[in-house]
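Trainee: Residue numbers (my numbering), protein chains in the order written: chain A, 15 to 197; chain B, 15 to 197.
Each residue gets a CB set at the ideal place from its N, CA and C atoms; glycine is no exception.
Owing to the predicted nature of the structure, the values given are computational and were not obtained by experimental measurement.
(1) Could one say the Cβ of residue 117 of chain A lies closer than 8 Å to chain B's Cβ atoms, at least one of them?
(2) Mapping the DSSP letters down to three states, classify residue 68 of chain A as helix, strand or coil.
(3) Could you check what DSSP says for residue 165 of chain A in three-state terms: helix, strand or coil?
(4) Between the C-alpha atoms of residue 39 of chain A and residue 26 of chain A, what's the straight-line distance to the nearest angstrom?
(5) Leaving out five residues before and five after residue 138 of chain B in sequence, what residues of the same chain have Cβ atoms less than 8 Å from its Cβ?
(6) So, helix, strand or coil for residue 149 of chain A, using DSSP?
(7) Quick test of the definition: if touching needs 3 or more C-beta pairs under 8 Å, does the segment 105 to 113 of chain B touch the segment 71 to 87 of chain B?
(8) Taking 8 Å as the cut-off, decide whether the C-beta atoms of residue 16 of chain A and residue 78 of chain B are in contact.
(9) Ignoring anything shorter than 3 residues, give me the beta strand (DSSP E) runs that lie fully in the segment 36 to 90 of chain B, in order along the chain.
(10) So who's on the other strand from residue 139 of chain A, going by DSSP bridges?
(11) Beta-carbon separation of residue 133 of chain A and residue 58 of chain A under 8 Å?
(12) What's the gap between the Cα of residue 142 of chain B and the Cα of residue 24 of chain B?
(13) Going by beta-carbon coordinates alone, are residue 150 of chain B and residue 105 of chain B separated by less than 8 Å?
(14) Exposed or buried, what is residue 67 of chain B when buried is set at 16 or more other beta-carbons lying within 10 Å of its beta-carbon?
(15) Cβ atoms of residue 183 of chain A and residue 124 of chain B: under 8 Å apart, would you say?
(16) Any idea what DSSP makes of residue 173 of chain A, helix, strand or coil?
(17) Is the shortest distance between the beta-carbon of residue 76 of chain B and the beta-carbons of chain A less than 8 Å?
(18) Compare the beta carbon distance of residue 56 of chain A and residue 41 of chain A with 8 Å and say whether it is the shorter of the two.
(19) Going by beta carbon distance, what residues of the same chain come within less than 6 Å of residue 21 of chain A, once the five residues before and after it are set aside?
(20) Mind checking which residues open and close the beta strand (DSSP E) that includes residue 197 of chain A?
(21) With DSSP collapsed to three states, give me the class of residue 126 of chain B.
(22) With distance defined between alpha-carbon atoms, name the residue in A:18, A:140 and A:136 nearest to residue 46 of chain A.
(23) Looking at the unbroken alpha helix (DSSP H) that takes in residue 26 of chain B, where does it start and where does it end?
(24) Should residue 188 of chain B be flagged as near chain A, meaning a C-beta pair shorter than 8 Å?
Written as structure tokens, this is what we have:
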């Protein structure tokens with residue numbers, strides 16, 4: 015998995031923020047020429063497809079500053095340093111929706127933007143949801159509204175472009191596939 | 015789609031590269047408190063699920079510097095300034111694989127990393143592939159190896175984590191769904 019490897023000559027650290035780091039690497043290309051790569055380092059994230067006993071999907075609407083609009087997404091959040099993805103998934107689900115769950119299973123992991131970022135998202139499926147009395151609370155700069163929708167309603171949210179991100183579109187398609195497989 | 019809007023007090027431009035820009039916005043949160051958002055601006059991209067007459071999927075393997083490994087992905091690339099997504103999709107398909115196509119249809123668009131980046135990927139499906147004699151060539155810093163695989167082979171590439179990115183995992187699941195719907 016090193017095909018066409020690009021060796022690093024020099025790394026310039028441009029920015030170290032609260033969430034992302036930016037570096038520019040000077041590289042040697044496979045043909046010996048030199049080039050540059052702009053790279054975002056990200057801690058990685060989790061996302062949770064949480065299904066109620068009635069088969070409804072739990073979604074959260076929140077403002078996405080990078081887009082200057084709100085999106086409806088499955089609950090998600092960044093990994094803290096050293097945090098196991100499943101632990102993070104349970105924490106984010108509880109913080110954003112107030113639900114704990116009996117089972118939390120990894121569905122699929124994927125890199126979101128391999129052309130410029132190393133963000134890896136682990137997508138989990140949560141079942142056996144239990145509303146918690148004293149749930150963990152959101153970070154102080156997080157504001158979300160929780161929704162519970164049917165698969166048909168989620169499909170409409172995609173058509174309306176209120177659901178508009180890779181991880182959520184992926185899990186809705188996953189549910190469509192499961193529905194066909196279970197016919 | 016402005017729920018929980020975060021108003022900008024000040025934008026600091028940190029970096030302007032060849033592909034991405036980085037800015038930090040000082041914001042006012044819905045509760046009146048202040049916060050910061052680290053934001054990557056990206057021109058947007060296209061990706062192409064190209065199917066041969068035999069139903070094989072055209073994939074490209076390339077080195078992804080951000081991950082320090084190669085990935086097997088569907089052909090993809092960034093939008094040039096003012097470029098229509100479909101035009102970009104036809105250009106990238108030809109540059110990376112040597113194929114032109116009769117039909118190029120938008121399948122789905124999605125934001126890849128709405129938590130920190132505005133990258134929007136338009137995923138197309140291309141059919142009626144025709145190998146071109148004098149195809150457009152790759153950018154001088156691009157090196158890719160073209161593969162043609164069956165759906166079963168693509169599923170194995172996901173299990174082997176050689177296919178490991180959101181857009182490619184999404185389209186493989188799309189084909190699984192179509193296979194079930196056409197049964």
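Mentor: According to the data block:
(1) Here residue 117 of chain A is taken as the residue at index 103 of the first chain, counted from 1. Closer than 8 Å: no.
(2) For the purposes of this step, residue 68 of chain A is taken as residue 54 along the first chain, with counting starting at 1. Here residue 68 of chain A sits in coil by DSSP.
(3) For this step, residue 165 of chain A is matched to residue 151 along the first chain. Helix, per DSSP.
(4) Along the first chain, read from residue 1 onward, the residue named residue 39 of chain A stands at position 25. Along the first chain, read from residue 1 onward, the residue named residue 26 of chain A stands at position 12. Approximately 6 Å, taken between the alpha carbons.
(5) For the purposes of this step, residue 138 of chain B is taken as the residue at position 124 of the second chain. If we look at residue 138 of chain B and ignore the five residues flanking it on each side, its Cβ neighbours are 60, 61, 62, 63, 99, 100, 103, 118, 119, 120 and 121.
(6) For the purposes of this step, residue 149 of chain A is taken as the residue at position 135 of the first chain. The answer is coil: DSSP assigns residue 149 of chain A none of H, G, I, E or B.
(7) Output reads yes: the segment 71 to 87 of chain B touches the segment 105 to 113 of chain B.
(8) Reading the first chain from its first residue, position 2 is the one you call residue 16 of chain A. Reading the second chain from its first residue, position 64 is the one you call residue 78 of chain B. Against a cut-off of 8 Å, the Cβ pair of residue 78 of chain B and residue 16 of chain A comes out as no contact.
(9) Within the segment 36 to 90 of chain B, the complete beta strand (DSSP E) runs of at least 3 residues are 48 to 55, 59 to 64, 71 to 78 and 83 to 87.
(10) The residue given as residue 139 of chain A occupies position 125 in the first chain. Under DSSP, the beta-bridge partners assigned to residue 139 of chain A are A:63 and A:119.
(11) Numbered from 1 along the first chain, position 119 holds the residue referred to as residue 133 of chain A. Numbered from 1 along the first chain, position 44 holds the residue referred to as residue 58 of chain A. Residue 133 of chain A places its beta carbon less than 8 Å from that of residue 58 of chain A.
(12) For the purposes of this step, residue 142 of chain B is taken as the residue at position 128 of the second chain. For the purposes of this step, residue 24 of chain B is taken as the residue at position 10 of the second chain. Roughly 50 Å separates the two Cα atoms.
(13) Within the second chain, residue 150 of chain B is the residue found at index 136, counting from 1. Within the second chain, residue 105 of chain B is the residue found at index 91, counting from 1. A contact, by the Cβ cut-off of 8 Å.
(14) Counting from 1 along the second chain, the entry for residue 67 of chain B is found at position 53. With fewer than 16 Cβ atoms within 10 Å of its Cβ, residue 67 of chain B is classed as exposed.
(15) Residue mapping note: residue 124 of chain B aligns to position 110 of the second chain, counting from 1. Residue mapping note: residue 183 of chain A aligns to position 169 of the first chain, counting from 1. A Cβ-Cβ contact shorter than 8 Å links residue 124 of chain B with residue 183 of chain A.
(16) As a first step, residue 173 of chain A is located in the first chain; it is residue number 159 there, counting from the start. Reduced to three states, the DSSP call for residue 173 of chain A is helix.
(17) Within the second chain, residue 76 of chain B is the residue found at index 62, counting from 1. With 8 Å as the cut-off, residue 76 of chain B counts as an interface residue toward chain A.
(18) Counting from one through the first chain, the residue named residue 56 of chain A turns up at place 42. Counting from one through the first chain, the residue named residue 41 of chain A turns up at place 27. No, they are not a contact pair.
(19) The sequence position of residue 21 of chain A within the first chain is 7, counting from 1. The beta carbon of residue 21 of chain A is closer than 6 Å to those of 42 in its chain, skipping five residues each way along the sequence.
(20) In the first chain, counting from the first residue as 1, residue 197 of chain A sits at position 183. Counting along the chain, residue 197 of chain A falls outside any beta strand (DSSP E), and DSSP gives it neither H nor E.
(21) Looking up residue 126 of chain B in the second chain gives position 112. Coil, per DSSP.
(22) Along the first chain, one-based indexing puts residue 46 of chain A at 32. Nearest option by C-alpha distance: A:18.
(23) For this step, residue 26 of chain B is matched to residue 12 along the second chain. Boundaries around residue 26 of chain B are those of the beta strand (DSSP E), 21 to 30, since no alpha helix (DSSP H) includes it.
(24) As a first step, residue 188 of chain B must be located in the second chain, where it is residue number 174. Yes, its Cβ sits closer than 8 Å to a Cβ of chain A.
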